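Read the structure below first, then the notes.
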Amino acid sequence: MKWNSIKFMATALILSLGMVVILTFGYTSFKNTKSNFKQSYFKESQLKLEQARLQFENLIRGANQFLAQFSLTDDAMNAATTMEPSHLNAILQTMQQTILNSSSVKLGLKNGALYSAPSVARSASYDPREQVWYELGERSGTEPVWTDPYLDYFNQQIIITASRMIWSPDGDPIGVLAVDFDLSSISRYIGGSRIGSQGFVMLLSSSGTILADTDNFAIGERPFGNRLGAVARMAQAEPTEYNFKGKPYYLKLNLVRENGMAVATGVSMTEINAHVWNVLFPVFITGCICLALFGLVTYYFVLKGIAPLQRLVSLMKSVEHGDYGVHATINTYEEIRSLSHSFNLMTEGIRKRDEALSASNDKIYRLAYFDSLTGLLNRRHLLETTADALSGNPHSGIAVIYVDLDNFKTINDMLGHSAGDQVLIEVASRLEAIAYADKYASRIGGDEFVLVLHNVENKTMVEEALQRFILSMDEPIYHKKQMCHVSASIGVSFYPEHGVTFEVLLQKADMAMYHSKAKGKNQYCLFDHSIQLQITQKANIERSIKEALRNQQFELHYQPIFDCAEGRITGVEALLRCQAPALSGVPIQTVIETAEQTGLIVPLDKWVLEAACRFAGKLNAGRDRGIRVTINVSANDIAQQGFVNHVEDCLARNRLKPDWLGLELTESVLINSFEGSRSKLEALKEIGVRMYLDDFGTGYSSLNYLKLLPIDYVKIDKSFVASMLQSEKDGLFMKTLVQLSHTIDLKVVAEGVETARQANMLLRFQCDMLQGYHIGMPRNGEDMLRDLALDLGLSQRPLVEQ
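First residue of the sequence shown? That's 1 in the UniProt record's numbering, and the numbers climb one at a time after it.
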């Protein structure tokens with residue numbers, strides 16, 4: 001039985017209460033029994049004291065009466081005065097017989113004569129005047145005085161004497177009359193007296209010497225030393241505890257006032273306690289037996305009472321181990337029945353809570369480690385899984401495949417995000433369907449997926465798996481009866497050839513993926529160090545662009561645009577050039593593409609806008625008919641929050657008419673951010689800025705987009721201009737493009753016009769504007785200002801046959 005169990009506590013509590021009751025009863029019984037015994041002994045002691053006191057009172061009363069009567073008896077006084085021996089002896093003899101307990105009566109005269117009854121023979125040396133009783137009586141006056149006990153000269157007995165002075169009728173002192181009392185009778189009484197079996201009664205002299213005691217064992221001792229008076233003051237009223245001969249007693253003491261003697265009684269405390277123990281010991285034994293029986297009965301009922309609780313404990317342990325099927329059916333007591341009902345409710349609540357908690361944990365686990373849309377591993381889970389695989393099997397080949405969907409944003413913008421989600425789910429399914437046993441597929445964000453293949457023995461098996469995946473992507477994806485086509489650009493890196501950590505492998509697979517996009521998309525690319533070199537070159541170009549922007553090392557060159565209807569130069573296109581030594585060998589188109597990929601195109605476009613607006617201000621200063629400056633604008637620039645305001649501010653600062661500024665945009669810029677681009681371009685067109693669709697014919701060339709976008713001009717790509725003279729079909733295609741543009745109210749600018757034949761044919765096709773080397777070479781701002789100011793006959797060149 002454990003000390004902290006209910007069984008132990010209940011048993012201990014009840015036994016403790018029983019023990020307290022028994023101890024309280026025992027203590028009370030002990031106190032009462034002891035008090036009763038003490039009172040009994042005290043009564044016996046008081047009785048002994050009273051008897052001794054009465055004996056002394058009778059003795060003293062007889063002596064006082066005798067001494068007083070002798071002085072009042074004429075016959076006795078005459079005999080004492082005349083000193084007639086026979087007569088005086090007879091009188092003393094008569095009086096001695098009337099005094100109880102007296103041993104003798106004597107009269108000592110001033111002349112030294114001594115008369116006594118009974119008569120005694122004395123030696124010649126005995127002089128009554130030298131005796132204590134005579135000396136005390138001589139000084140007593142009229143009151144009797146008492147001596148201390150002393151040894152009688154004549155009979156060698158312990159006696160006490162009462163004496164007083166007697167006078168003649170004339171007032172002359174005659175002598176001292178004395179009465180002797182033998183203490184043997186009192187000693188016999190005291191010696192035979194006993195209080196209980198161990199108590200005592202003793203007679204003490206005024207000096208504290210024991211004259212008589214029980215069994216006369218201590219005669220002559222002085223148990224109180226010189227403290228008899230002090231002890232008497234304590235023990236006279238109430239019994240006082242006192243040690244006598246090493247034993248404790250209750251002491252009671254009475255003083256004899258006339259002679260200072262004392263009678264003391266002692267009640268043995270040891271005897272009282274022994275009597276109390278003898279009386280209470282059977283009671284104590286009986287109480288212990290009852291307590292033991294009470295404990296056994298209590299233990300039995302406690303066991304019976306807690307048995308249902310122990311059953312509940314057993315059921316609770318089952319619940320603790322996950323067994324929620326247990327059910328308590330205990331109906332022994334009302335409280336236990338209620339507890340059983342509560343236990344059943346609690347068990348059911350715990351079961352439901354655990355089921356909900358388990359479901360929540362599963363949900364949390366899936367949210368933490370799986371993509372919520374596709375069900376594939378997320379980036380975190382893939383990272384942990386691959387890191388474990390790399391550490392657990394470092395000698396096994398691993399391929400990390402980075403998959404990025406091509407033009408996925410177009411699907412979202414055109415068909416909505418629900419269609420985009422359906423595409424992602426289907427692509428995830430096709431990734432998982434790749435016939436490779438040991439693989440992990442993951443969606444790491446947006447339209448980007450990562451496939452990790454384990455136990456790769458060679459690259460061929462990876463390429464075969466990727467070819468099957470690319471073929472599977474040719475199958476259309478349907479969403480609400482709408483058919484979607486999507487392709488993917490894929491990059492692959494291998495462990496341990498390209499890295500020993502997953503982060504490095506993922507980074508290099510990402511590099512390879514971008515390389516496949518640059519090569520035309522819808523293909524895979526295995527990472528090699530040439531790709532790393534290209535990335536490094538790209539980083540160097542990026543750094544050089546930043547330095548060129550910071551050091552003002554960019555400039556604009558301008559190429560003239562000839563208006564066929566007006567027969568003059570009506571515009572120039574601003575073309576970016578870089579004077580930075582670090583970029584001297586890099587094609588300007590590569591610089592622009594790098595800027596677009598790294599986000600540097602935004603500050604670069606802002607600089608171009610500012611510089612072009614300043615040039616337009618100089619170019620049109622003092623002209624009656626303005627010349628428009630057109631600049632190329634990137635998608636990133638249009639996406640900026642303050643794009644429209646920035647253009648308006650530049651126009652205002654340089655005091656330009658909005659018509660003097662044209663913005664050239666590619667089809668891809670407009671298509672990829674259709675709604676955002678449209679609203680901003682409409683705002684600028686509304687104030688007069690002209691819009692050009694650049695490289696027309698090379699992209700989607702959707703007539704629907706052309707109709708919806710706020711476009712003023714289309715610029716036909718130079719590839720069409722270069723090929724239109726090669727065949728009748730190519731020429732017809734060019735003519736159709738021009739006519740189609742006119743049909744939807746768009747003017748046409750032909751780029752790349754390098755010969756007079758091209759110019760003449762375009763004039764026959766009614767092309768609105770011409771641009772190219774045949775019209776004019778790109779020049780820096782100062783040269784262009786000078787050429788336009790001198791009007792070097794550029795307007796005639798398109799009409800010249802070569």
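Cβ coordinates follow ideal geometry from the N, Cα and C atoms, glycine included. Being a predicted model, the structure only gives us computed values, none of them experimental.
Cβ contact check for the stretch 536-552 and the stretch 596-613: 3 or more pairs under 8 Å: yes
Assuming residue 804 and phenylalanine 494 are in contact, meaning their beta carbons sit under 8 Å apart, how far apart are those beta carbons, in whole angstroms? The requested residue 804 does not occur in the structure, where the chain is confined to residues 1 to 802.
Counting C-beta neighbours from all protein chains within 10 Å, is the total for tyrosine 27 16 or more, i.e. buried, or is it exposed? Counted from its first residue, the sequence shown places residue 27 at position 27. Classified as exposed, tyrosine 27 has fewer than 16 neighbouring CB atoms from the shown chains inside 10 Å of its CB.
Three-state secondary structure (DSSP) of asparagine 632: Position 632 of the sequence shown, counted from the start, is the residue given in the question as residue 632. Asparagine 632: strand per DSSP, three-state reduction.
How long is the line joining the alpha carbons of glutamine 523 and valine 400, rounded to whole angstroms? Position 523 of the sequence shown, counted from the start, is the residue given in the question as residue 523. Position 400 of the sequence shown, counted from the start, is the residue given in the question as residue 400. If I take the Cα positions, the gap works out to 16 Å.
Nearest to asparagine 226 by alpha carbon, out of Glu241, Met234, Thr209 and Tyr189? By one-based count along the sequence shown, residue 226 stands at place 226. For the residues Glu241, Met234, Thr209 and Tyr189, the minimum Cα distance to asparagine 226 belongs to Thr209.
Could you give the distance in angstroms between the alpha-carbon of leucine 109 and the alpha-carbon of proline 223? Along the sequence shown, read from residue 1 onward, the residue named residue 109 stands at position 109. Along the sequence shown, read from residue 1 onward, the residue named residue 223 stands at position 223. Roughly 39 Å separates the two Cα atoms.
Option nearest serine 125 by Cα separation, candidates Ser140, Leu107, Phe154 and Val145: Residue numbering aside, residue 125 sits at position 125 when the sequence shown is read from its first letter. Looking at the Cα atoms, Phe154 is the closest of the given residues.
Is it buried or exposed for methionine 761, if we count other Cβ within 10 angstroms and need 16 for buried? In the sequence shown, the residue the question calls residue 761 occupies position 761. When all chains shown are included, methionine 761 counts as buried.
Is DSSP giving tyrosine 242 helix, strand or coil here? Counting from 1 along the sequence shown, the entry for residue 242 is found at position 242. It is a strand residue.
Quick test of your reading: alanine 512 and glycine 491, contact by CB under 8 Å. State the CB separation rounded to the nearest angstrom. Taking the sequence shown and counting its residues from 1, one reaches residue 512 at position 512. Taking the sequence shown and counting its residues from 1, one reaches residue 491 at position 491. With a Cβ gap of about 3 Å, alanine 512 and glycine 491 count as contacting.
Simplified DSSP state of phenylalanine 647, which is helix, strand or coil: Translated into positions along the sequence shown, residue 647 becomes position 647. First, the residue type needs correcting, since residue 647 is valine and not phenylalanine in the sequence shown. Secondary structure of valine 647 (DSSP, three-state): helix.
Can the beta-carbon of alanine 428 be found less than 7 Å from the beta-carbon of threonine 374? Your numbering for residue 428 matches position 428 in the sequence shown. Your numbering for residue 374 matches position 374 in the sequence shown. In this structure, threonine 374 lies closer than 7 Å to alanine 428 by Cβ.
Could you tell me the distance, in whole angstroms, from the CA atom of histidine 646 to the CA atom of valine 608? Here the question's residue 646 lines up with position 646 in the sequence shown. Here the question's residue 608 lines up with position 608 in the sequence shown. Cα to Cα, histidine 646 sits roughly 12 Å from valine 608.
Hey, is the stretch 771-790 in contact with the stretch 742-753, meaning 3+ C-beta pairs nearer than 8 Å? yes
Return the CA-CA distance between valine 452 and tyrosine 440, expressed in angstroms with no decimal places. Your numbering for residue 452 matches position 452 in the sequence shown. Your numbering for residue 440 matches position 440 in the sequence shown. The alpha-carbon atoms of valine 452 and tyrosine 440 are separated by roughly 5 Å.
Secondary structure at lysine 657, three-state DSSP: helix, strand or coil? Counting from one through the sequence shown, the residue named residue 657 turns up at place 657. DSSP places lysine 657 outside both helix and strand once states are collapsed to three, so it counts as coil.
Over what stretch of residues does the beta strand (DSSP E) that includes histidine 498 continue unbroken? Counting from one through the sequence shown, the residue named residue 498 turns up at place 498. Run containing histidine 498: none; DSSP gives neither H nor E here.
Three-state secondary structure (DSSP) of phenylalanine 408: As a working mapping, residue 408 is identified with position 408 in the sequence shown. Note: phenylalanine 408 maps to helix in three-state DSSP.
Could you tell me the alpha carbon to alpha carbon distance between glutamine 532 and leucine 506, rounded to whole angstroms? For the purposes of this step, residue 532 is identified with residue 532 of the sequence shown, where counting begins at 1. For the purposes of this step, residue 506 is identified with residue 506 of the sequence shown, where counting begins at 1. Near 13 Å, if we compare the C-alpha coordinates of leucine 506 and glutamine 532.
So, under 8 Å CB-CB, phenylalanine 696 and methionine 734 are touching, yes? Tell me the CB distance rounded to an integer number of Å. Counting from 1 along the sequence shown, the entry for residue 696 is found at position 696. Counting from 1 along the sequence shown, the entry for residue 734 is found at position 734. Between methionine 734 and phenylalanine 696 the Cβ distance is about 11 Å, and since that is not below 8 Å, they are no contact.
Out of curiosity, what's the CA-to-CA distance linking leucine 345 and leucine 303? Translated into positions along the sequence shown, residue 345 becomes position 345. Translated into positions along the sequence shown, residue 303 becomes position 303. Near 26 Å, if we compare the C-alpha coordinates of leucine 303 and leucine 345.
Does DSSP put asparagine 273 in a helix, a strand or coil? On the sequence shown, position 273 is the one that residue 273 refers to. If DSSP states are grouped into helix, strand and coil, asparagine 273 belongs with the helices.
The alpha helix (DSSP H) that contains histidine 327, what's its start and end? For this step, residue 327 is matched to residue 327 along the sequence shown. That residue, histidine 327, is in no alpha helix (DSSP H); it is neither H nor E in DSSP.
Specify, as a first and last residue, the run of the beta strand (DSSP E) that valine 486 falls within. Against the sequence shown, residue 486 aligns to sequence position 486. Run containing valine 486: none; DSSP gives neither H nor E here.
Nearest neighbour of arginine 233, chosen from Ala262, Pro248 and Asp213 [CA to CA]: Numbered from 1 along the sequence shown, position 233 holds the residue referred to as residue 233. With distances taken between Cα atoms, arginine 233 lies closest to Ala262.
Would you mind working out which of Leu390, Ala789, Tyr713 and Ser530 sits nearest glycine 662, comparing C-alpha positions? As a working note, residue 662 is residue 662 in the sequence shown. If we check each option's Cα against that of glycine 662, Tyr713 comes out closest.
Three-pair Cβ contact test at 8 Å for the stretch 478-490 versus the stretch 407-426: Output reads yes: the stretch 407-426 touches the stretch 478-490.
Using the three-state DSSP reduction, which class does proline 734 fall into: helix, strand or coil? As a position in the sequence shown, residue 734 is number 734, starting the count at 1. Checking the sequence shown, residue 734 turns out to be methionine, not proline. Reduced to three states, the DSSP call for methionine 734 is helix.
Exposure of serine 116, with buried meaning 16 or more beta-carbon neighbours within 10 Å: Stepping through the sequence shown from its first residue, residue 116 is reached at position 116. Under this definition serine 116 is a buried residue.
Indicate the three-state DSSP secondary structure (helix, strand or coil) for methionine 777 in the structure shown. Walking along the sequence shown from the start, residue 777 turns up at place 777. Coil at methionine 777, not helix or strand.
Short of 7 Å in beta carbon distance, which residues of its chain neighbour glutamate 457, apart from the five on each side in sequence? Order them along the chain. Along the sequence shown, one-based indexing puts residue 457 at 457. Gly397.
Sufficient close CB pairs (3 or more, under 8 Å) joining the stretch 353-370 to the stretch 413-427: Counting Cβ pairs under 8 Å, fewer than three are found: no touch.
Nearest to aspartate 421 by CA position, among Glu432, Arg188 and Gly446, is which residue? Walking along the sequence shown from the start, residue 421 turns up at place 421. That would be Gly446, whose Cα lies nearest to the Cα of aspartate 421.
By DSSP, does serine 396 sit in helix, in strand, or in coil? Looking up residue 396 in the sequence shown gives position 396. Looking at serine 396 - three-state DSSP - the assignment turns out to be coil, as it is neither helix nor strand.
If you run the structure through DSSP and keep just helix, strand and coil, what is isoleucine 711? Here residue 711 refers to the residue found at position 711 when the sequence shown is read from its first residue. Isoleucine 711: coil per DSSP, three-state reduction.
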